[in-house]
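Enquirer: Okay, here's the structure, questions in a sec.
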(Lines of atoms letter the chains of each structure in order from A and count residues from 1; the text may use other names and numbers.)
(Lines give C-alpha, C1' and ligand atoms only; values in the text may rest on other atoms or scores of the structure.)
Protein backbone atom coordinates (compact mmCIF):
# COMPACT_ATOMS: atom_id res chain seq x y z
CA UNK A 1 0.00 0.00 0.00
CA UNK A 2 1.52 3.32 -1.06
CA UNK A 3 1.61 6.32 1.25
CA UNK A 4 -1.65 8.19 1.13
CA UNK A 5 -4.06 10.15 3.24
CA UNK A 6 -5.24 7.46 5.62
CA UNK A 7 -8.31 9.49 6.60
CA UNK A 8 -9.97 7.36 3.93
CA UNK A 9 -9.26 4.16 5.84
CA UNK A 10 -11.35 4.76 8.94
CA UNK A 11 -13.95 7.19 10.18
CA UNK A 12 -12.30 7.11 13.58
CA UNK A 13 -9.46 9.17 12.19
CA UNK A 14 -11.83 12.02 11.46
CA UNK A 15 -12.95 12.10 15.07
CA UNK A 16 -9.37 11.87 16.28
CA UNK A 17 -8.21 14.74 14.12
CA UNK A 18 -11.10 16.95 15.16
CA UNK A 19 -10.31 16.40 18.83
CA UNK A 20 -6.53 16.55 18.46
CA UNK A 21 -5.64 18.87 15.55
CA UNK A 22 -2.48 17.91 13.71
CA UNK A 23 -2.46 14.33 14.95
CA UNK A 24 -3.60 11.05 13.40
CA UNK A 25 -4.91 7.87 14.89
CA UNK A 26 -1.91 5.92 13.64
CA UNK A 27 0.35 7.86 15.97
CA UNK A 28 -1.78 6.92 18.99
CA UNK A 29 -1.81 3.26 17.95
CA UNK A 30 1.94 3.15 17.50
CA UNK A 31 2.59 4.66 20.93
CA UNK A 32 0.62 1.79 22.43
CA UNK A 33 3.18 -0.65 21.01
CA UNK A 34 4.83 -1.08 24.36
CA UNK A 35 6.45 -4.41 23.47
CA UNK A 36 8.01 -4.43 20.01
CA UNK A 37 9.64 -7.65 18.89
CA UNK A 38 12.09 -8.81 16.24
CA UNK A 39 12.21 -11.98 14.14
CA UNK A 40 15.71 -13.38 14.62
CA UNK A 41 16.06 -14.24 10.92
CA UNK A 42 16.85 -10.54 10.61
CA UNK A 43 20.34 -11.03 12.09
CA UNK A 44 21.32 -14.72 11.93
CA UNK A 45 25.04 -14.24 11.22
CA UNK A 46 25.51 -11.85 14.12
CA UNK A 47 23.67 -14.16 16.52
CA UNK A 48 25.57 -17.23 15.37
CA UNK A 49 28.83 -15.41 16.04
CA UNK A 50 27.81 -13.92 19.39
CA UNK A 51 24.29 -14.74 20.56
CA UNK A 52 24.61 -13.06 23.94
CA UNK A 53 26.09 -9.93 22.42
CA UNK A 54 23.39 -9.80 19.77
CA UNK A 55 20.59 -10.12 22.30
CA UNK A 56 22.20 -7.47 24.49
CA UNK A 57 22.28 -5.17 21.46
CA UNK A 58 18.59 -5.78 20.72
CA UNK A 59 17.70 -5.14 24.37
CA UNK A 60 19.53 -1.83 24.39
CA UNK A 61 17.63 -0.82 21.25
CA UNK A 62 14.38 -1.41 23.13
CA UNK A 63 13.20 -4.74 21.74
CA UNK A 64 11.17 -6.72 24.28
CA UNK A 65 10.25 -9.84 22.32
CA UNK A 66 11.83 -12.23 19.85
CA UNK A 67 10.49 -14.77 17.40
CA UNK A 68 12.83 -17.73 16.96
CA UNK A 69 13.23 -19.71 13.76
CA UNK A 70 14.36 -23.31 13.23
CA UNK A 71 15.48 -25.90 12.71
CA UNK A 72 15.52 -26.89 16.36
CA UNK A 73 16.71 -30.07 18.10
CA UNK A 74 13.07 -31.24 18.00
CA UNK A 75 12.70 -30.57 14.26
CA UNK A 76 12.06 -33.49 11.91
CA UNK A 77 15.26 -35.04 10.56
CA UNK A 78 14.31 -34.36 6.95
CA UNK A 79 13.91 -30.68 7.79
CA UNK A 80 17.34 -30.56 9.40
CA UNK A 81 18.86 -32.20 6.34
CA UNK A 82 17.10 -29.71 4.08
CA UNK A 83 18.61 -26.83 6.01
CA UNK A 84 22.07 -28.35 5.78
CA UNK A 85 21.74 -28.38 2.00
CA UNK A 86 21.09 -24.63 1.76
CA UNK A 87 23.21 -23.21 4.58
CA UNK A 88 26.44 -23.04 2.52
CA UNK A 89 24.72 -20.43 0.35
CA UNK A 90 23.25 -18.59 3.33
CA UNK A 91 26.46 -18.27 5.27
CA UNK A 92 25.07 -19.45 8.61
CA UNK A 93 23.96 -22.77 10.08
CA UNK A 94 20.26 -22.09 10.58
CA UNK A 95 20.30 -23.49 14.11
CA UNK A 96 17.27 -22.38 16.11
CA UNK A 97 19.34 -22.17 19.28
CA UNK A 98 22.54 -20.86 17.67
CA UNK A 99 24.69 -23.56 19.24
CA UNK A 100 23.31 -23.05 22.75
CA UNK A 101 21.10 -25.20 24.92
CA UNK A 102 17.50 -24.04 25.38
CA UNK A 103 18.32 -23.38 29.03
CA UNK A 104 21.14 -21.04 27.96
CA UNK A 105 18.84 -19.29 25.50
CA UNK A 106 16.26 -18.73 28.22
CA UNK A 107 18.89 -17.39 30.61
CA UNK A 108 20.33 -14.95 28.07
CA UNK A 109 16.88 -13.66 27.13
CA UNK A 110 15.86 -13.27 30.77
CA UNK A 111 19.09 -11.42 31.59
CA UNK A 112 18.18 -8.90 28.91
CA UNK A 113 14.48 -8.53 29.74
CA UNK A 114 13.41 -10.12 26.45
CA UNK A 115 10.69 -12.75 26.00
CA UNK A 116 10.50 -15.43 23.34
CA UNK A 117 6.80 -15.17 22.47
CA UNK A 118 6.73 -17.10 19.18
CA UNK A 119 8.72 -19.54 17.06
CA UNK A 120 8.75 -20.61 13.43
CA UNK A 121 9.11 -24.30 12.69
CA UNK A 122 7.53 -26.43 9.92
CA UNK A 123 4.42 -28.50 9.20
CA UNK A 124 6.07 -31.91 9.46
CA UNK A 125 7.58 -31.14 12.87
CA UNK A 126 4.23 -29.81 14.11
CA UNK A 127 2.50 -32.96 12.93
CA UNK A 128 5.01 -35.37 14.47
CA UNK A 129 6.73 -33.71 17.43
CA UNK A 130 4.16 -31.52 19.17
CA UNK A 131 5.02 -32.86 22.62
CA UNK A 132 8.67 -31.89 22.25
CA UNK A 133 7.63 -28.47 20.96
CA UNK A 134 5.44 -28.03 24.02
CA UNK A 135 8.33 -28.97 26.30
CA UNK A 136 10.42 -26.26 24.63
CA UNK A 137 7.53 -23.84 25.06
CA UNK A 138 7.32 -24.60 28.76
CA UNK A 139 11.00 -23.77 29.13
CA UNK A 140 11.31 -20.78 26.80
CA UNK A 141 7.85 -19.36 27.37
CA UNK A 142 6.62 -19.01 23.80
CA UNK A 143 2.88 -19.14 23.16
CA UNK A 144 2.70 -19.14 19.35
CA UNK A 145 4.20 -21.87 17.21
CA UNK A 146 3.94 -21.29 13.52
CA UNK A 147 5.19 -22.06 10.05
CA UNK A 148 6.78 -19.45 7.76
CA UNK A 149 5.55 -21.14 4.59
CA UNK A 150 3.38 -23.96 3.29
CA UNK A 151 5.46 -26.70 1.59
CA UNK A 152 5.42 -26.09 -2.15
CA UNK A 153 4.03 -29.52 -3.04
CA UNK A 154 0.95 -28.84 -0.90
CA UNK A 155 -0.08 -25.69 -2.78
CA UNK A 156 0.02 -26.68 -6.43
CA UNK A 157 -3.77 -26.96 -6.73
CA UNK A 158 -6.86 -25.63 -5.00
CA UNK A 159 -7.55 -29.10 -3.64
CA UNK A 160 -4.08 -28.98 -2.15
CA UNK A 161 -4.96 -25.78 -0.29
CA UNK A 162 -8.19 -27.38 0.93
CA UNK A 163 -6.16 -30.25 2.35
CA UNK A 164 -3.83 -27.74 4.00
CA UNK A 165 -6.79 -26.11 5.72
CA UNK A 166 -7.80 -29.51 7.12
CA UNK A 167 -4.23 -30.17 8.28
CA UNK A 168 -4.08 -26.72 9.89
CA UNK A 169 -7.19 -27.48 11.94
CA UNK A 170 -5.66 -30.74 13.18
CA UNK A 171 -2.36 -29.03 14.04
CA UNK A 172 -4.23 -26.23 15.79
CA UNK A 173 -6.21 -28.71 17.85
CA UNK A 174 -3.04 -30.53 18.95
CA UNK A 175 -1.32 -27.24 19.75
CA UNK A 176 -4.27 -26.13 21.88
CA UNK A 177 -4.14 -29.36 23.87
CA UNK A 178 -0.51 -28.54 24.66
CA UNK A 179 -1.28 -24.97 25.71
CA UNK A 180 0.04 -23.46 22.48
CA UNK A 181 -1.43 -21.48 19.58
CA UNK A 182 -0.72 -22.47 15.98
CA UNK A 183 -0.10 -19.68 13.47
CA UNK A 184 0.53 -19.44 9.74
CA UNK A 185 2.80 -16.73 8.32
CA UNK A 186 1.91 -15.84 4.75
CA UNK A 187 4.26 -15.34 1.84
CA UNK A 188 3.16 -14.00 -1.54
CA UNK A 189 1.59 -17.12 -2.99
CA UNK A 190 -2.09 -17.89 -2.54
CA UNK A 191 -3.17 -14.29 -2.98
CA UNK A 192 -4.37 -14.53 -6.58
CA UNK A 193 -7.30 -16.51 -7.93
CA UNK A 194 -6.91 -20.23 -8.54
CA UNK A 195 -9.96 -21.90 -10.07
CA UNK A 196 -12.04 -18.81 -9.19
CA UNK A 197 -10.99 -18.84 -5.52
CA UNK A 198 -8.24 -17.07 -3.61
CA UNK A 199 -6.34 -19.77 -1.68
CA UNK A 200 -5.50 -17.62 1.36
CA UNK A 201 -9.17 -16.69 1.71
CA UNK A 202 -10.05 -20.37 1.48
CA UNK A 203 -7.64 -21.18 4.33
CA UNK A 204 -9.00 -18.34 6.45
CA UNK A 205 -12.59 -19.40 5.78
CA UNK A 206 -12.11 -23.14 6.23
CA UNK A 207 -10.03 -23.13 9.41
CA UNK A 208 -11.36 -22.93 12.93
CA UNK A 209 -11.00 -19.40 14.31
CA UNK A 210 -10.29 -20.84 17.75
CA UNK A 211 -7.53 -23.15 16.57
CA UNK A 212 -5.72 -21.50 13.66
CA UNK A 213 -4.24 -18.01 13.85
CA UNK A 214 -2.32 -15.94 11.34
CA UNK A 215 0.78 -13.82 11.12
CA UNK A 216 0.47 -10.95 8.65
CA UNK A 217 3.66 -10.26 6.70
CA UNK A 218 2.91 -6.86 5.25
CA UNK A 219 5.79 -7.01 2.75
CA UNK A 220 4.96 -10.34 1.17
CA UNK A 221 1.25 -9.56 1.21
CA UNK A 222 1.89 -6.40 -0.80
CA UNK A 223 4.36 -8.12 -3.13
CA UNK A 224 1.66 -10.73 -3.79
CA UNK A 225 -0.74 -8.03 -4.95
CA UNK A 226 -2.97 -7.78 -1.87
CA UNK A 227 -3.70 -5.02 0.66
CA UNK A 228 -2.68 -5.84 4.27
CA UNK A 229 -5.34 -3.54 5.73
CA UNK A 230 -8.08 -5.13 3.63
CA UNK A 231 -7.21 -8.57 5.07
CA UNK A 232 -7.00 -7.27 8.62
CA UNK A 233 -10.41 -5.65 8.30
CA UNK A 234 -12.02 -8.62 6.53
CA UNK A 235 -10.78 -11.16 9.09
CA UNK A 236 -10.84 -9.54 12.56
CA UNK A 237 -9.31 -11.54 15.41
CA UNK A 238 -7.64 -14.02 13.03
CA UNK A 239 -4.32 -12.18 12.80
CA UNK A 240 -2.49 -12.31 16.13
CA UNK A 241 1.01 -11.50 14.89
CA UNK A 242 2.54 -9.15 12.34
CA UNK A 243 5.88 -8.82 10.56
CA UNK A 244 6.82 -5.21 9.97
CA UNK A 245 9.24 -4.06 7.31
CA UNK A 246 9.07 -1.41 4.59
CA UNK A 247 9.36 -1.40 0.79
CA UNK A 248 11.56 1.07 -1.10
CA UNK A 249 9.21 1.13 -4.08
CA UNK A 250 6.10 -0.83 -4.90
CA UNK A 251 7.13 -4.14 -6.45
CA UNK A 252 5.44 -7.43 -7.25
CA UNK A 253 6.74 -10.95 -7.55
CA UNK A 254 8.03 -11.95 -10.97
CA UNK A 255 5.69 -14.94 -10.79
CA UNK A 256 3.15 -16.22 -8.29
CA UNK A 257 5.44 -15.66 -5.31
CA UNK A 258 5.64 -19.39 -4.80
CA UNK A 259 9.34 -20.16 -4.64
CA UNK A 260 12.32 -18.88 -2.63
CA UNK A 261 14.05 -17.47 -5.70
CA UNK A 262 11.18 -15.02 -6.15
CA UNK A 263 11.42 -14.03 -2.48
CA UNK A 264 15.16 -13.45 -2.70
CA UNK A 265 14.68 -11.30 -5.80
CA UNK A 266 12.74 -8.82 -3.67
CA UNK A 267 15.16 -8.69 -0.73
CA UNK A 268 16.90 -5.59 -2.19
CA UNK A 269 13.60 -3.68 -2.04
CA UNK A 270 13.22 -4.19 1.72
CA UNK A 271 14.08 -1.24 3.89
CA UNK A 272 13.78 -0.07 7.47
CA UNK A 273 10.40 0.93 8.87
CA UNK A 274 9.59 4.47 7.84
CA UNK A 275 12.04 4.61 4.92
CA UNK A 276 9.67 3.17 2.33
CA UNK A 277 6.25 3.54 0.77
CA UNK A 278 4.13 1.74 3.36
CA UNK A 279 1.65 3.73 5.44
CA UNK A 280 2.76 2.00 8.60
CA UNK A 281 0.64 4.24 10.83
CA UNK A 282 -2.52 2.95 9.18
CA UNK A 283 -1.33 -0.65 9.01
CA UNK A 284 -0.38 -0.76 12.70
CA UNK A 285 -3.65 0.94 13.68
CA UNK A 286 -5.64 -1.57 11.60
CA UNK A 287 -3.63 -4.41 13.11
CA UNK A 288 -4.37 -3.36 16.66
CA UNK A 289 -8.04 -2.90 15.86
CA UNK A 290 -8.15 -6.36 14.25
CA UNK A 291 -6.58 -8.05 17.26
CA UNK A 292 -2.86 -8.26 16.46
CA UNK A 293 -1.06 -8.90 19.75
CA UNK A 294 2.60 -9.16 18.71
CA UNK A 295 4.43 -6.90 16.26
CA UNK A 296 7.83 -8.14 15.04
CA UNK A 297 10.30 -6.16 12.97
CA UNK A 298 11.66 -8.48 10.28
CA UNK A 299 14.28 -7.51 7.73
CA UNK A 300 15.50 -10.79 6.30
CA UNK A 301 19.27 -11.14 6.77
CA UNK A 302 19.56 -7.35 6.72
CA UNK A 303 22.92 -5.73 6.09
CA UNK A 304 24.24 -3.90 9.17
CA UNK A 305 21.47 -5.02 11.55
CA UNK A 306 22.97 -2.87 14.31
CA UNK A 307 21.89 0.16 12.25
CA UNK A 308 18.82 -1.07 10.39
CA UNK A 309 17.03 -2.67 13.34
CA UNK A 310 17.70 0.40 15.50
CA UNK A 311 16.17 2.69 12.86
CA UNK A 312 13.08 0.49 12.61
CA UNK A 313 12.31 0.33 16.31
CA UNK A 314 13.02 4.04 16.75
CA UNK A 315 10.51 4.79 14.01
CA UNK A 316 7.85 2.52 15.52
CA UNK A 317 8.35 4.00 18.98
CA UNK A 318 8.18 7.58 17.74
CA UNK A 319 5.51 7.67 15.04
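Numbering (this note's numbering), first residue to last: 2 to 320. Every residue gets a Cβ at the ideal spot worked out from N, C-alpha and C, and that includes glycine. The structure presented is a predicted model; accordingly, all values stated were derived computationally and were not measured.
Using only the alpha-carbon positions, how far apart do residue 140 and residue 196 sit?
Expert: In a straight line, the C-alpha of residue 140 is about 44 angstroms away from that of residue 196.
Enquirer: Quick check on DSSP: helix, strand or coil for residue 40?
Expert: DSSP places residue 40 in strand when its eight states are reduced to three.
Enquirer: Would residue 101 pass as a contact of residue 169 if the rule is Cβ separation under 8 angstroms?
Expert: No, the pair does not count as a contact, with Cβ atoms beyond the cut-off.
Enquirer: Out of curiosity, what's the CA-to-CA distance linking residue 234 and residue 187?
Expert: Cα-Cα distance, rounded: 16 angstroms.
Enquirer: Give me, in chain order, the residues of the same chain whose beta-carbon lies closer than 8 angstroms to that of residue 114; leave out the 5 immediate sequence neighbours on both sides.
Expert: For residue 114, where only same-chain residues beyond five positions count, the Cβ hits under 8 angstroms are 60 and 65.
Enquirer: What is the C-beta distance between residue 259 and residue 185, in whole angstroms, given that I count them as a contact (C-beta under 8 angstroms)?
Expert: Actually they are not in contact, since the Cβ atoms of residue 259 and residue 185 sit about 15 angstroms apart, beyond 8 angstroms.
Enquirer: Helix, strand or coil for residue 242, going by three-state DSSP, please let me know.
Expert: Looking at residue 242 - three-state DSSP - the assignment turns out to be strand.
Enquirer: Under the three-state reduction of DSSP, which class applies to residue 53: helix, strand or coil?
Expert: Helix at residue 53.
Enquirer: How should residue 95 be labelled, buried or exposed, when 16 other C-beta atoms within 10 angstroms of its C-beta is the threshold for buried?
Expert: Its Cβ being crowded by 16 or more others within 10 Å, residue 95 is buried.
Enquirer: Spatial neighbours of residue 314 within its chain, please: C-beta separation below 7 angstroms, excluding the five flanking residues on both sides.
Expert: Taken in chain order, the residues that qualify are 37, 62, 63, 64 and 298.
Enquirer: May I ask you to report which of helix, strand or coil DSSP gives residue 148?
Expert: Note: residue 148 maps to strand in three-state DSSP.
Enquirer: Between residue 204 and residue 165, is the Cβ-Cβ spacing less than 8 angstroms?
Expert: Yes, these two residues count as a Cβ contact at 8 angstroms.
Enquirer: Buried or exposed: where does residue 149 fall if 16 or more other Cβ atoms within 10 Å of its Cβ makes it buried?
Expert: Buried, since its Cβ has 16 or more Cβ neighbours within 10 Å.
Enquirer: If you drop the 5 nearest sequence neighbours on each side, which residues of the same chain put their C-beta closer than 6 angstroms to that of residue 128?
Expert: Closer than 6 angstroms at the Cβ level, and outside the excluded window around residue 128, lies no residue.
Enquirer: As a quick exercise: from 243, 317 and 48, pick the residue whose alpha carbon is nearest that of residue 222.
Expert: Closest by alpha carbon: 243.
Enquirer: So, for residue 142: in the same chain, excluding its five sequence neighbours on each side, which residues have a beta-carbon less than 8 angstroms away from its beta-carbon?
Expert: Only 107, 116, 117 and 118 meet the Cβ criterion.
Enquirer: Just confirm the distance between the C-beta atoms of residue 155 and residue 207, as a whole number of angstroms; I'd bet it's less than 8 angstroms.
Expert: Going by Cβ atoms, the distance from residue 155 to residue 207 rounds to 14 angstroms, so no, they are not a contact pair.
Enquirer: State the DSSP-derived secondary structure class of residue 223, mapped to helix, strand or coil.
Expert: The answer is helix: DSSP assigns residue 223 an H, G or I state.
Enquirer: Name the two residues that bound the continuous beta strand (DSSP E) containing residue 217.
Expert: Taken as a continuous stretch (DSSP letters only), the beta strand (DSSP E) holding residue 217 covers 213-218.
Enquirer: Who are the near neighbours of residue 76 in its chain, counting only those whose CB is closer than 6 angstroms to its CB and skipping five residues on each side?
Expert: Answer for residue 76: 126, listed in chain order.
Enquirer: Mind listing, in chain order, the continuous beta strand (DSSP E) runs of no fewer than 3 residues lying wholly within the segment 86-140?
Expert: Counting only runs of 3 or more, we get 116-121.
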